[in-house]
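Working notes, beginning with the structure itself.
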Amino acid sequence: MKQTIMFAVCAAVFASPSAWADPKVVPGPGFDATCFQPWSAQTKHFQWEKKSGPYRIALVNGYVGNLWRIQMVKTAKAIAEKPGFKENIKQFKVISTGTDAATQLGAIEDFINQGYDAIVTIAVSPKGFDRVIRLANKKNVVLVPFDNVLDTDKVMQVNENQLEIGRMAGQWIVDQLGDKKSGKILEVRGLPGNATDRDRSVGFREVLAKNGKFDIVQVVGNWDEGTGQKVAADAIAVHKHFDAIFTQGGSTGIVRAMLDSKHPMVPIVGEAENGFRKQIVKYAGEGLLGMSNGQSPALVAVAMKAAIAALQGNAMPQLISVPVPSATYKTLKDGENYWSGLDDNMFAASDYPPCGITITAPEIMAKDEKND
Amino acid sequence: MTTHRFKLGLAIRQRVGTITAGAIFALLYLAYHVHHPNGFTAQVVGQNANESVALVLAAMAQTVPVLIGGIDLSVGAVMTMTNCLASHVLSGNAQEVSLGLAACILVSTAFGVMNGVIVVYGRIQPIIATLATSAIALGLALLLRPFPGGEISETLSLLLTGSLLDSLVESGLVSQGVTDNLSVLGNLPTPMLLVFAAGALWIPFQRTVTGRSIVAVGSSETAAFMSGLPVPRAKIAAFAVSGMLAGCAGVFLAMQTLSGNADLPQAGTYTLASIAAVVIGGAVLTGGVGGMLGSVFGALILRVIAFNFRIFEIEPLIQPLVEGTILLAAISVSATRLLRVKNRLDLYR
Chain W
0 MKQTIMFAVC AAVFASPSAW ADPKVVPGPG FDATCFQPWS AQTKHFQWEK
50 KSGPYRIALV NGYVGNLWRI QMVKTAKAIA EKPGFKENIK QFKVISTGTD
100 AATQLGAIED FINQGYDAIV TIAVSPKGFD RVIRLANKKN VVLVPFDNVL
150 DTDKVMQVNE NQLEIGRMAG QWIVDQLGDK KSGKILEVRG LPGNATDRDR
200 SVGFREVLAK NGKFDIVQVV GNWDEGTGQK VAADAIAVHK HFDAIFTQGG
250 STGIVRAMLD SKHPMVPIVG EAENGFRKQI VKYAGEGLLG MSNGQSPALV
300 AVAMKAAIAA LQGNAMPQLI SVPVPSATYK TLKDGENYWS GLDDNMFAAS
350 DYPPCGITIT APEIMAKDEK ND
Chain Z
0 MTTHRFKLGL AIRQRVGTIT AGAIFALLYL AYHVHHPNGF TAQVVGQNAN
50 ESVALVLAAM AQTVPVLIGG IDLSVGAVMT MTNCLASHVL SGNAQEVSLG
100 LAACILVSTA FGVMNGVIVV YGRIQPIIAT LATSAIALGL ALLLRPFPGG
150 EISETLSLLL TGSLLDSLVE SGLVSQGVTD NLSVLGNLPT PMLLVFAAGA
200 LWIPFQRTVT GRSIVAVGSS ETAAFMSGLP VPRAKIAAFA VSGMLAGCAG
250 VFLAMQTLSG NADLPQAGTY TLASIAAVVI GGAVLTGGVG GMLGSVFGAL
300 ILRVIAFNFR IFEIEPLIQP LVEGTILLAA ISVSATRLLR VKNRLDLYR
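Top to bottom, those sequences are chains W and Z.
Heads up: the first sequence at position 325 corresponds to 324 in numbering that gives the first Met the number 0, and the numbers run straight through without jumps.
Heads up: the second sequence at position 22 corresponds to 21 in numbering that gives the first Met the number 0, and the numbers run straight through without jumps.
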């Protein structure tokens, strides 16, 4: 009997084609390919039914306890007022649900039920969104996860290629070391168990392995300034000397650990914290040949732009690769890609010129003051 | 007649925490529906229920250890562990799924019993014992699911997260025509029925000697012991019930996400929220006072505040501040009576 029931349910679920309308899979190239780059040649393209604007868009953030997320929320609110966004957005709603998957799924479902046209979100878990994806497709709502993306190819997503961030770091260190093909390299990892941490490390090690015989010393810094400073100081105390350093985050703490232990300044690759960029400028002459690559909080703006383009009926890549904003000690310029007058913890990479997203860090901060 | 009225008055006075929590919830939920573009529809109620049930079950799980004068810091961890276990055993044919469900509940109950045994025979304070076992549960969760994933029977998920009507029609037990006559009843969300079922099991249990002993031990352990009540049994039972309900919460989370995830911050969030829900529901952390229904309302208040953020225009970065203020107000209202109490026995007079 039970099996009959199960079968009946399965049949009812799978045999009704009208139950939900997935976006059409169409051949590429998609709309505005300079901004919305497909992840790879195999990436498929989606096309939703064209809706007339302006649209109601919601941002469903998860955790909100660090500066990156706060800057992301501020960027979203600021960009929604900019031309290109403003005329296409009727209502823009931002909420943060915390680290609880049930609440985040519930919030997305709620916005779908409220009749929103698009929802951009940073998923708290890479799994578990099947139900809301199905509901969104059924109601013709465009759901765009970005930053922490989902393990699925059924939804349009926006991210930077984390493998590439690792490879760029490896290449920079190899280039700076020049003829030196061996030596000790310090790698400061991010949060363990996280896909971003894994991919950056894999890309980094891949390049180093190809270009010499380097001895990589690995410590875990949790992308956190304080933790990073402590583990880097410990590593320097034990190993005395490193030829180069790659840190995934908390970069200012790593440089401070070097300064405290009187470690000579060496080539370094870190995140896009404003403070780290200030340090690079200050110590480049002493040998801190730095590169700063960031996961920019402005990813939210690309996700919003992608949502609007999808609602307008354009063909969009399923997985959008956003170019990594990068700066080196040669290209850093005050007031352009770092700000000597602004907070150290701010993320200096705050725009994506290929996407026409040119909002600068001071503008985001100004937006905040106006709100108060 | 006078005795009857006296009893009604007493009944109300004893439940003032529950009633206050219920009223606050009703008020906030009404505001949500009035302003929701799709308010007062089965769809919205069903979604709200799905979102709330895991926390409601976690709050119910926390209620029993709090009643006995303890606390269970492993609620979120046991929930996460069961969630990860569910992602391994809740797939396949009907028999396999039923066995898997039984296994999940059994494992989480056994974990609760272990907590109880450590507290009673290890003579360790519940707060420390469960803090330690929560780390064990989280370790097991990570062992079961180092990365999020797994498989959950979609059929079971549909049955448990839809409305009663959907479940009946989809299971082929009734045809569409018949259920049209059942619309009000049929639109009841299935997850809500699960909470009713859990509550229905609690009521008879509360009337057993063990059930009564739980409250008695919470009021005064010495008095309960001197009266010959089975104190160790009551304590172990309290933690067992807690483990079982936390397991149900974990299974429900699996139904909702169709996967398992050893999410440590989320486990912590659920433990803290369950304690908050129990206190908002009128329970006292020193034990002896509180109830399942109050905790259910407490959990619902926590959820409904978040619902309202999706309707009303509140600056995203001050939402946590607003949430905290409302919570503090809710707890203060529930607790005003306790401030006046000189002797805890007054609460029963």
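Ideal Cβ placement from N, Cα and C applies to all residues, glycine included.
(request) With 7 Å as the C-beta to C-beta threshold (strictly closer), list the residues of the region 235-266 of chain Z near chain W in chain order. (result) L252, Q255, T256, L257, S258, N260, D262, P264 and Q265
(message) Looking only at its chain, what residues have a beta carbon closer than 8 Å to the beta carbon of F6/W, apart from the 5 residues adjacent to it on each side?
(response) Reliability fails at F6/W, whose pLDDT of 48 lies under 50, so the model's placement of it is uncertain and no value is given.
(request) Could you name the residues of chain Z that E108/W contacts, counting a contact when the two beta carbons are closer than 8 Å? (result) Q46, N49 and E50
(message) Going by beta-carbon coordinates alone, are I279/Z and L301/Z separated by less than 9 Å?
(response) yes
(message) Whole angstroms are fine: how far does the CA of D99/W sit from the CA of S51/Z?
(response) If you take the alpha carbons of S51/Z and D99/W, they lie about 11 Å apart.
(message) Give me the chain Z residues within the contact set of V72/W, using Cβ-Cβ distance strictly less than 8 Å, ordered along the chain.
(response) P315 and L316
(message) What would DSSP say about G149/Z, mapped onto helix, strand or coil?
(response) coil
(message) Less than 8 Å between C-beta atoms, sequence neighbours within five positions excluded: which residues of the same chain meet that for A11/W?
(response) Note on A11/W: pLDDT 45, under 50, position unreliable in the model; the coordinate value appears next. So no residue of the chain qualifies.
(request) Reducing DSSP to helix, strand and coil, say where H44/W ends up. (result) strand
(message) Within 10 Å of its beta-carbon, does S181/W have 16 or more other beta-carbons around it, so buried, or fewer, so exposed?
(response) exposed
(request) List the endpoints of the continuous alpha helix (DSSP H) containing L15/Z. (result) The amino acid occupying residue 15/Z in the given sequence is Val; Leu does not appear at that position. Element bounds for V15/Z: V15 to H34.
(request) Go through its chain and collect everything with a Cβ distance to V265/W's Cβ below 7 Å, but skip five positions before and after it. (result) F241, D242, A243, I244 and G286
(message) For chain W, check one thing: does any of its Cβ atoms lie closer than 9 Å to the Cβ of M0/Z?
(response) Bear in mind that the predicted position of M0/Z carries a pLDDT of just 47, short of 50, making it unreliable; the figure below should be weighed with that in mind. It does not; no Cβ of chain W falls within 9 Å.
(message) Report the start-end ranges of each alpha helix (DSSP H) in the region 238-299 of chain W that is 4 residues or longer and not cut off at the edges.
(response) 250-259 and 273-282
(message) For a contact defined as C-beta to C-beta under 8 Å, what are the partners of G381/W on chain Z?
(response) Nothing in the structure corresponds to residue 381/W, since chain W is present only between 0 and 371.
(request) Can you tell me which of Q13/Z, A253/Z and L9/Z puts its alpha carbon nearest to the alpha carbon of P147/Z? (result) The shortest Cα separation from P147/Z among Q13/Z, A253/Z and L9/Z belongs to A253/Z.
(message) Please state whether the Cβ-Cβ distance between I88/W and I56/W is less than 9 Å.
(response) yes
(request) Return yes when the Cβ of G269/W is within less than 9 Å of the Cβ of I253/W, no when it is not. (result) yes
(message) Strictly below 7 Å CB to CB, what residues from chain W border V43/Z?
(response) Going along chain W in sequence order, the residues near V43/Z (Cβ under 7 Å) are N112.
(message) For G246/Z, report the span of its alpha helix (DSSP H) as first-last.
(response) V230 to T256 is the extent of the alpha helix (DSSP H) around G246/Z.
(request) Assign A308/W to one of two classes, buried (16 or more other C-beta atoms within 10 Å of its C-beta) or exposed (fewer than that). (result) buried
(request) Quick one: grab the DSSP three-state call for R188/W. (result) strand
(message) Let me confirm a value: H35/Z is counted as buried when at least 16 other C-beta atoms fall within 10 Å, else exposed. Which label applies?
(response) buried
(message) When you compare the CB of I310/Z with every CB in chain W, is at least one pair closer than 9 Å?
(response) Cβ-Cβ to chain W under 9 Å: yes for I310/Z.
(request) Please go through the same chain and pick out, in chain order, the residues whose beta-carbon is closer than 8 Å to the beta-carbon of G115/Z, but skip the five residues on each side of it. (result) K234, I235, A236, A237, F238 and A239
(request) Report the residues of the region 89-106 of chain W with a CB closer than 8 Å to any CB of chain Z, ordered along the chain. (result) K92, V93, I94, S95, T96, G97, T98, D99, A100, A101, T102, L104, G105 and A106
(message) So I69/W contacts chain Z; which residues on that side make the cut at Cβ distance below 8 Å?
(response) L316
(request) Output yes or no for whether 9 Å exceeds the beta carbon distance between A275/Z and G297/Z. (result) yes
(request) Assign R199/W to buried or exposed, taking buried as 16 or more other Cβ atoms, counted over all protein chains shown, within 10 Å of its Cβ. (result) buried
(message) Pairs of beta-carbons, one from the region 208-228 of chain Z and one from the region 117-129 of chain Z, closer than 8 Å: are there three or more?
(response) no
(request) Indicate the three-state DSSP secondary structure (helix, strand or coil) for Y328/W in the structure shown. (result) It is coil, neither helix nor strand.
(request) Pull up the distance between the alpha-carbon of T359/W and that of D350/W, whole angstroms please. (result) 6 Å
(request) Closer than 8 Å by C-beta to A328/Z: which residues in its own chain qualify, once you throw out the five before and the five after it? Chain order, please. (result) none
(message) Nearest by alpha-carbon distance to A101/W: which of L54/Z, V283/Z, A136/Z and G16/Z is it?
(response) L54/Z
(request) Could you have a look at D174/W and say whether DSSP puts it in helix, strand or coil? (result) helix
(message) Helix, strand or coil, according to DSSP, for L142/W in the structure here?
(response) strand
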